[in-house]
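Asks: Pasting in a structure now, in structure tokens, and then I'll have a few things to ask.
Chains as they are written, first to last, in the working numbering: chain U, 84 to 203; chain C, 483 to 592.
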């Protein structure tokens, strides 16, 4: 059974750094063509892809947010971590992690999401 | 970066058929696969169509996907609409550097 679960703070102050962790089970991020991505969704708005890390360490970032994002993986712990610097209230959103397998960039399994509010 | 444009909302009656479009702005819709996700209120997205036309196991065959190069669009068609189909639907594609989601379409079944 494949599961992913996001964890992190529920409230972050503006200008601070947000760190969210995805802990997964049922697959290995060392398997060829496997990836884990982060997608966010502001309340009442659309999905926005943030970042993706592949089994081989290759990383992709949303170009508009690239300067603020860092994605890393710990294969032994089955975790992927996303860091976002200098947060702003517009970064308030539900943050999802999701598995991507194969070359078609399908996110086939999603976590439940974690709501992060940016407010002073 | 390319964009994917969807209608903001569509509505149709139970038992009818509805089609949701997803138009690619910049680049060819046929170059990279398109996926479709369903998101019910308060829930995470789930896949209803992947790789343009493929349906995951467990998704009813009332859901189908297609690509039209002439309009540079992908489409999600849901036939025999049920009230349980009421949800937000997102298309998603990619290029060598980016993953892009469409703006989402709210489907109302009334």
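Heads up, the beta-carbon is just placed ideally off N, CA and C, and yes, glycines get one too.
Just so it is clear, the structure is predicted and the values come from calculations on it, not from any experiment.
Between residue 84 (chain U) and chain C, is the shortest Cβ-Cβ distance under 8 Å, so that the two count as touching?
Replies: By this cut-off, residue 84 (chain U) is not an interface position.
Asks: Residues of the stretch 496-525 of chain C in Cβ contact with chain U at a cutoff of 7 Å, in chain order, please.
Replies: For the stretch 496-525 of chain C, which is checked against every Cβ of chain U, the residues closer than 7 Å are 515, 517.
Asks: On the three-state DSSP scale, how would you describe residue 114 (chain U)?
Replies: Coil.
Asks: Comparing the C-beta of residue 123 (chain U) with each C-beta of chain C, is any distance below 8 Å?
Replies: Cβ-Cβ to chain C under 8 Å: no for residue 123 (chain U).
Asks: Please identify the residue among U:115, U:109, U:114, U:129 whose C-alpha is closest to the C-alpha of residue 178 (chain U).
Replies: Taking only the C-alpha atoms, the option nearest residue 178 (chain U) is U:129.
Asks: Can you name the residues that DSSP bridges to residue 545 (chain C)?
Replies: The partner list for residue 545 (chain C) (beta bridge, DSSP) reads C:560.
Asks: Quick one: is residue 84 (chain U) buried, meaning 16 or more other Cβ sit within 10 Å of its Cβ, or exposed?
Replies: Exposed.
Asks: Can you pull the chain U neighbours of residue 540 (chain C), defined as C-beta to C-beta under 7 Å?
Replies: Residues of chain U passing the Cβ test: none, with the nearest at roughly 12 Å.
Asks: Do residue 558 (chain C) and residue 531 (chain C) have their C-beta atoms closer together than 8 Å?
Replies: A contact, by the Cβ cut-off of 8 Å.
Asks: Residues of chain U with CB closer than 9 Å to the CB of residue 533 (chain C), please, in chain order.
Replies: Those are 185, 187, 189, listed as they occur along chain U.
Asks: Note down, in chain order, each residue of its chain lying with its Cβ closer than 8 Å to the Cβ of residue 555 (chain C), except the 5 sequence neighbours on either side.
Replies: Only 503, 504, 505, 506, 511, 549 meet the Cβ criterion.
Asks: Alpha carbon to alpha carbon, how far is residue 114 (chain U) from residue 188 (chain U)? Give it in angstroms, no decimals.
Replies: Using only the alpha carbons, I get a separation of about 15 Å.
Asks: Does any residue of chain C have a CB that is nearer than 8 Å to the CB of residue 165 (chain U)?
Replies: Judged by the 8 Å Cβ criterion, residue 165 (chain U) is not in contact with chain C.
Asks: Among U:159, U:171, U:193, U:196, which has the Cα closest to the Cα of residue 95 (chain U)?
Replies: When each option's Cα is compared against that of residue 95 (chain U), the closest is U:171.
Asks: Check whether chain U comes within 8 Å of residue 527 (chain C), counting only Cβ atoms and requiring the distance to be less than that.
Replies: At least one chain U Cβ lies under 8 Å of residue 527 (chain C).
Asks: Could you pull the start and end residues of the beta strand (DSSP E) that residue 570 (chain C) belongs to?
Replies: Counting along the chain, the beta strand (DSSP E) containing residue 570 (chain C) begins and ends at 569-576.
Asks: Give me the Cα-Cα distance between residue 182 (chain U) and residue 578 (chain C), rounded to the nearest whole angstrom.
Replies: Approximately 18 Å, taken between the alpha carbons.
Asks: Would you call the stretch 157-177 of chain U in contact with the stretch 109-128 of chain U, where contact means no fewer than 3 C-beta pairs closer than 8 Å?
Replies: These segments touch.
Asks: Please report how far the alpha carbon of residue 514 (chain C) lies from the alpha carbon of residue 498 (chain C), in whole angstroms.
Replies: Rounded to the nearest angstrom, the two C-alpha atoms are 30 Å apart.
Asks: Under a three-way DSSP split, which group does residue 494 (chain C) fall into?
Replies: In the structure shown, residue 494 (chain C) sits in a strand (DSSP, three-state: E or B).
Asks: Hey, residue 527 (chain C) and residue 193 (chain U) are a contact pair by Cβ (cut 8 Å); roughly how many whole angstroms apart?
Replies: Correct: roughly 6 Å between the Cβ atoms.
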